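Engineer: Each residue of the first sequence is one higher than the last, beginning at 8 in my numbering.
Sharing a structure below in structure tokens format, with a few things to ask.
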Amino acid sequence: MEPGSWPSEHSDALRDYFLKGMSYAEIGREINARFGTAYTRNAVVGRARRLGLAAPARMKSPSIVPAFPGEPCLFPPRPPALQSWSVPPKSAMKLAAPVKLRCVGIKPRLISLLELAPGDCRYPYGGDKDGEEITFCGHPRTSGSSYCTPHFHLTRGPGSTSARVAGPLVLRLVSAA
DNA sequence: CCCTGATTCGC
DNA sequence: GCGAATCAGG
Numbered sequence: 008m009e010p011g012s013w014p015s016e017h018s019d020a021l022r023d024y025f026l027k028g029m030s031y032a033e034i035g036r037e038i039n040a041r042f043g044t045a046y047t048r049n050a051v052v053g054r055a056r057r058l059g060l061a062a063p064a065r066m067k068s069p070s071i072v073p074a075f076p077g078e079p080c081l082f083p084p085r086p087p088a089l090q091s092w093s094v095p096p097k098s099a100m101k102l103a104a105p106v107k108l109r110c111v112g113i114k115p116r117l118i119s120l121l122e123l124a125p126g127d128c129r130y131p132y133g134g135d136k137d138g139e140e141i142t143f144c145g146h147p148r149t150s151g152s153s154y155c156t157p158h159f160h161l162t163r164g165p166g167s168t169s170a171r172v173a174g175p176l177v178l179r180l181v182s183a184a
């Protein structure tokens, strides 16, 4: 591939395989096999992380965090810190897409990934709630994309190809610096 | 030893 | 942002 970036198709495949429960090495092999690429598993891991698939879970090297007795927590009180999304300017909610977030007016079949045919739209449904198995809109996808026409426009409308299913899931506050 | 995931760091 | 190098656990 010429571009030094991940094509949307590759990122899409990455998400598919990741959601399917495959390991990064497996994902890398599959993507390389299917697209003729040469991603290393490190590349897949890094990409998945940047995509927001991997939660920024911090749980390595707990070597620090003393907090011995006699001294309260090192964490200062945090009085003000939340307000941004609470009351956005009323002018911010303009018209942009006749959809709430995942409703394009079509009828999603909500089939599982394993039942998903090669030519089916892979727009993910579910996933809003943890534990809920993720299903997909299984309608004929448009050429060149992994989504059907409505979802195709929905996915690459505003942003690029990222920040989609990672919305409420990646909202883990990590301001513990 | 093999494998894996996860992070760091230079490009 | 990308990915190799690197670290850490199984």
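Just so it is clear, CB atoms sit at the ideal spot from N, CA and C, and this is done for glycine as well.
None of the values given here were measured: they were computed from a predicted structure.
On the DSSP bridge assignment, give the partners of I118 in chain order.
Structural biologist: Answer is F143.
Engineer: State yes or no: is the C-beta of A32 within less than 7 Å of the C-beta of N39?
Structural biologist: The answer is no: Cβ separation not under 7 Å.
Engineer: Pull up the distance between the alpha-carbon of G43 and that of W13, whole angstroms please.
Structural biologist: Rounded to the nearest angstrom, the two C-alpha atoms are 13 Å apart.
Engineer: Could you check the C-alpha separation between P115 and R148 for me, to the nearest Å?
Structural biologist: Their backbone Cα atoms lie some 12 Å apart in a straight line.
Engineer: Which first and last residues belong to the alpha helix (DSSP H) in which D19 is found?
Structural biologist: It spans S15 to K27 - the alpha helix (DSSP H) in which D19 sits, taken as one unbroken run.
Engineer: Looking at the unbroken alpha helix (DSSP H) that takes in L123, where does it start and where does it end?
Structural biologist: Where L123 is concerned, there is no enclosing alpha helix (DSSP H), given that its DSSP letter is neither H nor E.
Engineer: How big is the Cα-Cα spacing for S98 and I34?
Structural biologist: Interpretation of S98 is limited by its pLDDT of 49, a score under 50 that renders its predicted location unreliable; no figure is taken from the coordinates.
Engineer: Hey, out of P131, P157 and D19, whose CA is closest to F143's CA?
Structural biologist: Closest by alpha carbon: P131.
Engineer: Could you give the distance in angstroms between the alpha-carbon of L60 and the alpha-carbon of R22?
Structural biologist: If I take the Cα positions, the gap works out to 7 Å.
Engineer: Excluding sequence positions up to five away, which residues of its chain have a Cβ less than 8 Å from the Cβ of V52?
Structural biologist: Contacts found: Y31 and A61.
Engineer: Does the distance from the C-beta atom of S153 to that of R129 stay below 7 Å?
Structural biologist: Against a cut-off of 7 Å, the Cβ pair of R129 and S153 comes out as a contact.
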